[in-house]
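Below is one structure, written out as structure tokens, with a few remarks after it.
Protein chains in written order, with this note's numbering: chain A, 42 to 393; chain B, 42 to 393; chain C, 42 to 393; chain D, 42 to 393.
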């Protein structure tokens, strides 16, 4: 029997992509789609490409929760904590693609989001999961057959953490933790569906600029993951740039090597991710290309070393809407439900 | 002494491009820029690329009229007729880049724009000018040293009329006037500066669709010009498409040839435009490319003949913001003031 | 047991896309990939996105035929007739994504391709199939459990024929067959994998032009299909344009209506394609958008009528690499093998 | 009387852009264009956009030198040293847009270019000039009315040096010189006119990747400039990325601040460039955008400080073809000839 799932906020870009993937997931059945803005309309009236494919009528948030065993929320900051609370009460698996449950430190949350924890029980129960780094937390949910609140990571934090984890996980980091610089470049879908001057076609097309320089909200989330792995507080410089393309993130990560013998670095990465089918460590001489992972759940990583300056340079690429959002949410669900990790996610990235 | 000009609606895309060109026009001096939305702000606060280049403070419409000998208006439908009236009263040369003065037939204006002529005197005095086709009307203004109201043509009507004029001007058209089909493709700047779902980057990028199929407001304007040239009512099918690029229009025009000997067609075009330096008739075997005219005031035309079906196929390309708007407005001004036609317009289209 | 398939010319763009789709087809197993240029290399060395997904070594053409029950060829003009001959001899199902078997008229083939039929038996046995129009030919192959040579249609001919078929199939066409104009716009992948000046990024990007105006080789193929449906020779004007995007074709088709009452046209199309799940007739007021079918096997069609000129305007959109090539080839295979028509093709077009 | 100039290598992208700018330069007259590949052809046969604008016939290298007082060379590595030698002999002003004369250290040249200095006299006489940093060297040429060999800087080195110079010029650098990281992103025109797999439209479009990670030939050129300013050897990490757009470079530069009081940094930059009209220091809160300088000779710089990590982050943007190549070459010529620095370069960057 298929698992009944619902999507709250189904008409945003993240919800849209989640719907597309879940509709072809072999083990689930979509029981409800909700939308604040389009309640009462058919999904295909909102997105023409869904003509004849999804003519479901959009319902309210509460109806979506009621009808589902697994609830996904794809909402703006501040809107999903309440839903998490309801799901906790009703013992449903809740997966939040928004940012409400990602930071465990209340002070950091206040500082970066300007919001507070309202329902502390929710935060106490939430687990933040990049499956490749936190698989155990998910298998615990699976084996306890318990309900759970899963905080799905942000797009930039996923790409950055996967690029750095093998070098800092454990007692002896291979890089100087004070020297990490993350220069990230993202496609426009990350900015969501709402039109604005900044995303108006002629303003973006053929252009490039950074934004929220060293003050993007994903900064504390990246630091939380890296600090957890390193066992001490790690600070990073994080600068995101907006690319005039639809999808994908490339992060270029720089750090000072602690040991000049980095000959083994590729093996360390390969070993670290040996059970992680969605991470591909590229061969020496190959550079990660955003194109190679688009429309898939893969994260490609290429490793470079500048012997002149003793710097490690790591490139990681993901599709921000899949591994950086909807795909990773499904991957989290799969593990938490004891399904094969790649169920519904075995897409081959197209070459063009 | 330089001519004092003002731009009303200077912060829209058309006004912006007009400003850029006028700032380097050797014979004019920009005395006032007005904007309804940004009055009181500096121009460079609205457009970052104008930093240190235009730090003029935006003023009101009336102040702009007062300070200028030549007034350009770059406004939405229905907003410029009143300004035209004021300029007529104050004996200023008024050039309207909007659509209010383009149609001379009141009924057609009502039907396509849903608006009426309020100030009939304005419409009685307005002259619609594509310089290559209506140069005489402009030289009359110049020689009479009179004030004037010039209706600057729309972008699509410019490209379409230049492609067809040589074949239909005069007593014996070379094509069957009942068979004209105009398939046009335009860059996004034609849609203006206001963000919308339709111009949100991810919605447009890597896509293509037609819009306002056979019901675009430029249809009667095209027909007005062609009918004037042919001396009888001409109807056309006009279908515009929105390209995921910033600038440029390509029109592909189809019509049945009346005479199968079209060997002389290239000469006819070359002769027709022999005094029109901005129209370039391409050599046999060459196809008009939108890229070749971008950032310039040129209109390139290529001529093709399908002997199998006896159809003439004409391609014309222009930069919608220059020859299709701001550049043509300056060209109109130049002639009406007795200046060299290409003053301030001698840009070479970049290759990339 | 899965059907063994092989792809000849697997490293071109068409072969590449076919591979991607076949790798996730539930009923087939890929037994061989051949490539003239890259024989002996691993597939993932040619396309980085296939890292860890396809590390198969490329073999020769003959080895690919030997190992396969179904042979696909993705080759340039003139190269697949010989392979078709071999497959005919060995009683294998052969599906040609090239152009060698498409035209049944030897004189037209000579005229447009500058080539002749060498192996006449091949041409006598080849069936040209757009499944929506020629399903019966395929079910005959299926029921006879016979071998077969299938000529997979070109991308433009698919989009054009699907747009026009319902209006001309049968004794009484609804449009004047002498007035058909097909203005088509295609993404760059249609030009294939070989770099050239015309496909060099800065030459294409932000540009647009037509090419092979009224002399593209797909013209006789379109006419062959339309003539077959209409029962008389049909000639069309066909002008393709090259869009600065990767994928997709939009065709805008114009024709004079024979009957001014076109109120029923939408029903006629819906009825005509009622058993064709991949064709979606859009609702009144909706315009076909290339974006809505990308990465899928769908063909969306929108219908418009210009009452002022009595013209029918039909827009059809397909993904040139899927419904216009690899997807349609699989659809043809599925029917010819008695599999569900949409096996391996049930992709939902992404919204962005 | 106008100065006679010639361009060697006029049909490459750099030569093409130089031609476009020089054709509108008020003080020069183009006397000769040479091209190895297209000698004997008209320029407009090579570039369609030059139809009727440049129908000059391409000549040989020697003829171009003979006919010109100022010779520009736009050639690949290794091809311009010989021309420099000829110009030195004939006492002509030579401006090299290639890389042969850029590095003054013979060993570095060997190491990074795999080439040696053949004519040492050429290298002894060559002056490398970013006008904002080396104006004096140019005014010396001007006042001595001497001939000169000017090495025009590379695109990346220009953007990087302008971003860093004010912080390191002089005895007390404001940043730790061991911590400089330059993450650069460039449009495709930087790769030149020759088609390749890497610049084939579908391979690049909607993609992004780094290339020549920490091994690009512009690295020693950047270090040469920075070391010269700092008075000691400076090493940098330099990683270029290829953007799917035509023009422009954005560099994001990171370095550790030596002094936490960076409140004055904006004033330092403003002061440093107070006589440099093409450098615009953006206001606090504004981020440099590549779009704001395209088609102009400007370099915009925005300054950011990450107080959490004590890092200075500097963004600089230029048009790689203008300030990064042809425009800077003209700027160098202007100063060396005693002309106004911005002669022929006063273009306003278009907003779209």
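Glycine residues also receive a C-beta, built at the ideal position from the N, C-alpha and C atoms.
The structure displayed is predicted, hence computed values, not measured ones.
- Taking 7 Å as the Cβ-Cβ cut-off, the segment 233-255 of chain C approaches chain D at 236, 237, 238, 240, 241, 242, 243, 245, 246, 247, given in chain order.
- The segment 323-333 of chain C makes no contact with the segment 370-389 of chain C; the number of CB pairs closer than 8 Å stays below 3.
- Among the residues facing chain C, residue 54/D is included, as its CB has a counterpart in that chain under 9 Å away.
- Closest by C-alpha distance to residue 344/D, out of 322/D, 360/D, 246/D, is 322/D.
- With the rule of 3 Cβ pairs closer than 8 Å, the segment 192-212 of chain D counts as touching the segment 165-177 of chain D.
- Residue environment: residue 98/D is assigned as exposed (fewer than 16 neighbouring CB atoms within 10 Å of its CB, all protein chains considered).
- In the DSSP assignment, residue 340/D falls within the beta strand (DSSP E) that extends over 340-347.
- Residues of chain D with a Cβ closer than 7 Å to the Cβ of residue 89/B are, in chain order, 327, 330, 333.
- Contiguous alpha helix (DSSP H) elements confined to the segment 276-300 of chain D do not occur, taking only those with 4 or more residues.
- Of all residues in the segment 286-305 of chain A, the ones placed with a Cβ closer than 8 Å to any Cβ belonging to chain D are 286, 287, 288, 289, 291, 293, 295, in chain order.
- The beta carbon of residue 229/B falls within 9 Å of a beta carbon belonging to chain A, placing the residue at that interface.
- Note that the C-beta distance between residue 198/D and residue 90/B is not below 9 Å.
- Residues 338, 386 of the same chain have their beta carbon placed closer than 6 Å to that of residue 368/A, with the five preceding and five following residues left out of the count.
- Under the Cβ distance rule, residue 176/C does not count among the residues neighbouring chain B, no pair being separated by less than 9 Å.
- For the segment 345-374 of chain C, the set of positions with a beta-carbon nearer than 9 Å to some beta-carbon of chain B reads 345, 346, 347, 348, 349, 350, 352, 354, 356, 358 in chain order.
- Here the segment 347-362 of chain C makes contact with the segment 296-316 of chain C; the two share three or more CB pairs at distances below 8 Å.
- Taking a Cβ-Cβ threshold of 9 Å, the residues of chain D close to residue 65/B are 387, 388, 389, in chain order.
- Take the alpha-carbon of residue 201/C and the one of residue 264/C: they are about 10 Å apart.
- The residues 50, 53, 55, 56, 138, in chain order, have a CB closer than 6 Å to that of residue 115/A in the same chain once the five nearest residues on each side in sequence are set aside.
- The residues 160, 163, in chain order, have a CB closer than 6 Å to that of residue 126/D in the same chain once the five nearest residues on each side in sequence are set aside.
- Within the same chain, Cβ atoms closer than 7 Å to the Cβ of residue 271/B are found at 209, 214, 218, the five residues on either side in sequence being excluded.
- Residue 258/B carries a coil assignment under DSSP once its states are collapsed to helix, strand and coil.
- Taking all protein chains shown into account, residue 76/A has 16 or more neighbouring C-beta atoms within 10 Å of its C-beta and is therefore buried.
- Against chain C, a Cβ distance below 7 Å from residue 216/B picks out nothing, because the smallest value is about 14 Å.
- DSSP places residue 226/A in the strand class (E or B) of the three-state scheme.
- Here the C-alpha atom of residue 118/B lies approximately 14 Å from the C-alpha atom of residue 231/B.
- Judged by beta-carbon spacing, residue 260/B lies beyond the 9 Å limit of residue 358/B, meaning their Cβ atoms are not closer than that value.
- Taking a C-beta cut-off of 7 Å against chain C, the contacting residues of the segment 252-277 of chain B are 252, 254, 255, 276, listed in chain order.
- Contact check for residue 254/D against residue 356/A passes: the beta carbons are separated by less than 9 Å.
- Residue burial is scored here from C-beta neighbours: residue 93/D has fewer than 16 other C-beta atoms within 10 angstroms and is therefore classed as exposed.
- Using a Cβ-Cβ cut-off of 9 Å, residue 160/B does not count as an interface residue toward chain D, since no Cβ of chain D sits closer than that to its own.
- Taking C-beta separations shorter than 8 Å and ignoring five residues to either side along the sequence, the partners of residue 85/A in its chain run 91, 92, 93, 94, 95, 96, following chain order.
- At least 9 Å separates the beta-carbon of residue 319/C from that of residue 274/C.
- At a cut-off of 9 Å between beta-carbon atoms, residue 102/A makes no contact with chain C.
- Residue 102/A has its alpha-carbon roughly 11 Å from the corresponding atom of residue 128/A.
- Looking at the backbone, the Cα of residue 336/C and that of residue 87/A are separated by about 19 Å.
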